[in-house]
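Asks: Sharing a structure, written as structure tokens. Questions coming.
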Ligand code: ADP
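In our numbering, the protein residues as written are 41 to 524.
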């Protein structure tokens, strides 16, 4: 791999600030989804490594939890600066193992760094309260304290940002972390570890377990008595499993799970902006995000006008290896992802949907899929219920605002929803009626470090980013001084 800073390519487990082979010396291959080539092999962490990592984190918690916020802030700030200094290399690593175009990867690194910067500041402001007492002989207050050792499990679609969004607030709060990154994208995680080490983050504060033994390790992380908190981003099915497993030791949980985002185009939308916004939310990361528009709902009166412009924009997308210039759609992550998209399209066309554009594999390679538009979609189709996680726009038609809201809310998920309208009354009405944790109005890209990200219903619970993001890693302790 062509990197300016070759030290960033780390291929071993990271425990107690040391990179080392796994205890049984096993390793697994990391491949480039754009060409199927093996990038390198990475140490395959075992159950024994997991116990070592938990023990290191537990030991480190004693000191780290009592460091001053200023000290934690300075170390996080240094980590942030190193991420920014190395952003081109980090983006290259990300594209090579994950596939998204370099421009998007660079965007993700900046986004990932912004969480480290934000929480380096935010930890200074996690205030407690003094509470007016009903009894004059008592004084009441609350303080915020770190919850303990945190287990974080992250997905492959944002291999860097989903890590910093958990690790930065955890460390900022005074917690220590054992992180299990996704098996498809361990290199981005290990590069972050290298920079944390160089930033001076003390040993045991951040530990990383690349592994294909995710079930066994996931079970240890969710049942071990020394872990106080589990933060997970991934599928709803795995989230439910981790919650069940965590029940015996009553861990605090944050679950960022699947979505089924509607994107509603009302007849009073500013058309070019609606096309741009819908494109941005649908096709980023080749449609592989939990906040990607899964259903595009278009008002009947503007259907032809919108579809003409939208199809032109989709046709202009450039599919190929993300490291090459001008590419806007990279490969899907693996064959399973391709099979899933094909099956959803088959089910939809059998139930009356029509392919307007694309619809199959792209000639760029085995894991590339054509940017696709499928129309005449209905709630009978599987793609109206499940995340497509591919570059496919499924188009639904509605006539009235009430119908649009009903269709939009007709899902077990509740992560992100978008709509486009220039009518202020409608904007207020609709944003209040959509049953989602995150709403984008006239905008397709809304996540940012200073705002709370998180779902409701079967999309999980807990917030990441913003001032709420650090509370997930804290306890609120009430202190009463009596008999004054
Ligand atoms: P996706 O379908 O997007 O890969 P998953 O929920 O399967 O989503 O994966 C997200 C993360 O959860 C990854 O790090 C993966 O290794 C991990 N994971 C998957 N299954 C389990 C499990 N049984 N226990 C713990 N972690 C798991």
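We put the beta carbon where it would ideally sit given N, CA and C, even for glycine. Please read these numbers as outputs of a predicted model, since none were measured by experiment.
Going residue by residue through the segment 187 to 241, where are the continuous alpha helix (DSSP H) segments of at least 4 residues, counting only ones entirely within it?
Replies: 201 to 213, 226 to 239
Asks: Under the criterion of a Cβ to heavy atom distance below 6 angstroms, does residue 275 qualify as lining the ligand ADP?
Replies: Reading the chain shown from its first residue, position 235 is the one you call residue 275. With a cutoff of 6 angstroms, residue 275 counts as near the ligand ADP, since its C-beta is closer than that to a heavy atom of the ligand.
Asks: CA-CA distance, residue 337 and residue 60?
Replies: Numbered from its first residue, the chain shown carries residue 337 at position 297. Numbered from its first residue, the chain shown carries residue 60 at position 20. Separation of residue 337 and residue 60 (C-alpha to C-alpha, rounded to the nearest whole angstrom) is 51 angstroms.
Asks: Taking just the CA atoms, how far does residue 117 sit from residue 476?
Replies: In the chain shown, residue 476 corresponds to position 436, counting from 1. In the chain shown, residue 117 corresponds to position 77, counting from 1. Approximately 33 angstroms between the Cα atoms of the pair.
Asks: May I ask you to report which of helix, strand or coil DSSP gives residue 383?
Replies: For the purposes of this step, residue 383 is taken as the residue at position 343 of the chain shown. In the structure shown, residue 383 sits in a helix (DSSP, three-state: H, G or I).
Asks: Entirely within the segment 407 to 441 and at least 3 residues each: give me those beta strand (DSSP E) ranges in chain order.
Replies: 412 to 415, 432 to 438
Asks: Do the segment 288 to 296 and the segment 118 to 129 make contact, defined as three or more Cβ pairs closer than 8 angstroms?
Replies: no
Asks: Assuming residue 431 and residue 369 make a contact with CB atoms under 8 angstroms, what is their CB distance in whole Å?
Replies: Along the chain shown, read from residue 1 onward, the residue named residue 431 stands at position 391. Along the chain shown, read from residue 1 onward, the residue named residue 369 stands at position 329. The C-beta distance from residue 431 to residue 369 rounds to 6 angstroms, short enough to fall under 8 angstroms.
Asks: Do residue 318 and residue 303 come within 7 angstroms of each other at the CB atom, strictly closer than that value?
Replies: Your numbering for residue 303 matches position 263 in the chain shown. Your numbering for residue 318 matches position 278 in the chain shown. A contact, by the Cβ cut-off of 7 angstroms.
Asks: Is it the case that the segment 78 to 98 contacts the segment 60 to 69, given that we only count it when at least three CB pairs across the two stretches are under 8 angstroms?
Replies: yes
Asks: Identify the residues that DSSP records as bridge partners of residue 247: which are they?
Replies: As a working note, residue 247 is residue 207 in the chain shown. For residue 247, which the question treats as bridged, DSSP gives the partners 218.
Asks: Residue 234 to residue 474, Cα distance in whole Å?
Replies: Taking the chain shown and counting its residues from 1, one reaches residue 234 at position 194. Taking the chain shown and counting its residues from 1, one reaches residue 474 at position 434. Cα-Cα distance, rounded: 42 angstroms.
Asks: At 4 residues or longer, and completely inside the segment 132 to 182: list those alpha helix (DSSP H) runs for me, N to C.
Replies: 142 to 162
Asks: From the DSSP output, in three-state form, read off residue 120 for me.
Replies: As a first step, residue 120 must be located in the chain shown, where it is residue number 80. Of the three classes helix, strand and coil, the one that applies to residue 120 here is helix, per DSSP.
Asks: Compare the beta carbon distance of residue 519 and residue 44 with 7 angstroms and say whether it is the shorter of the two.
Replies: Residue numbering aside, residue 519 sits at position 479 when the chain shown is read from its first letter. Residue numbering aside, residue 44 sits at position 4 when the chain shown is read from its first letter. Not in contact: residue 519 and residue 44 (Cβ atoms no closer than 7 angstroms).
Asks: When you compare the CB positions of residue 138 and residue 199, do they come within less than 7 angstroms of one another, or not?
Replies: As a first step, residue 138 must be located in the chain shown, where it is residue number 98. As a first step, residue 199 must be located in the chain shown, where it is residue number 159. Their beta carbons are under 7 angstroms apart, which means residue 138 touches residue 199 by this criterion.
Asks: So does the segment 449 to 466 actually touch the segment 163 to 183, counting three or more Cβ pairs closer than 8 angstroms?
Replies: no
Asks: Would you list the one or two residues that DSSP bridges to residue 33?
Replies: Nothing can be reported for residue 33: it is not among the residues displayed for the chain, which extend from 41 to 524.
Asks: State the Cα-Cα distance for the pair residue 402 and residue 445, rounded to the nearest angstrom.
Replies: Looking up residue 402 in the chain shown gives position 362. Looking up residue 445 in the chain shown gives position 405. Going from the Cα of residue 402 to the Cα of residue 445 covers about 35 angstroms.
Asks: Need the endpoints of the alpha helix (DSSP H) that residue 331 sits in, please.
Replies: Your numbering for residue 331 matches position 291 in the chain shown. Taken as a continuous stretch (DSSP letters only), residue 331 belongs to no alpha helix (DSSP H), as it is neither H nor E.
Asks: Does residue 404 come out as helix, strand or coil in the three-state DSSP assignment?
Replies: By 1-based counting over the chain shown, the position of residue 404 is 364. The answer is coil: DSSP assigns residue 404 none of H, G, I, E or B.
Asks: Taking 6 angstroms as the cut-off, does the CB of residue 255 come closer than this to any heavy atom belonging to the ligand NAP?
Replies: The ligand NAP is absent from the structure shown, which contains only the ligand ADP.
Asks: Where are the alpha helix (DSSP H) runs, 4 residues long or more, that stay fully inside the segment 311 to 359, in chain order?
Replies: 311 to 323, 343 to 355
Asks: Please report the distance separating the alpha-carbon of residue 449 from that of residue 330.
Replies: By one-based count along the chain shown, residue 449 stands at place 409. By one-based count along the chain shown, residue 330 stands at place 290. Using only the alpha carbons, I get a separation of about 16 angstroms.
Asks: Using alpha carbons as the reference points, say which of 154, 156, 185 lies closest to residue 168.
Replies: Stepping through the chain shown from its first residue, residue 168 is reached at position 128. Looking at the Cα atoms, 185 is the closest of the given residues.
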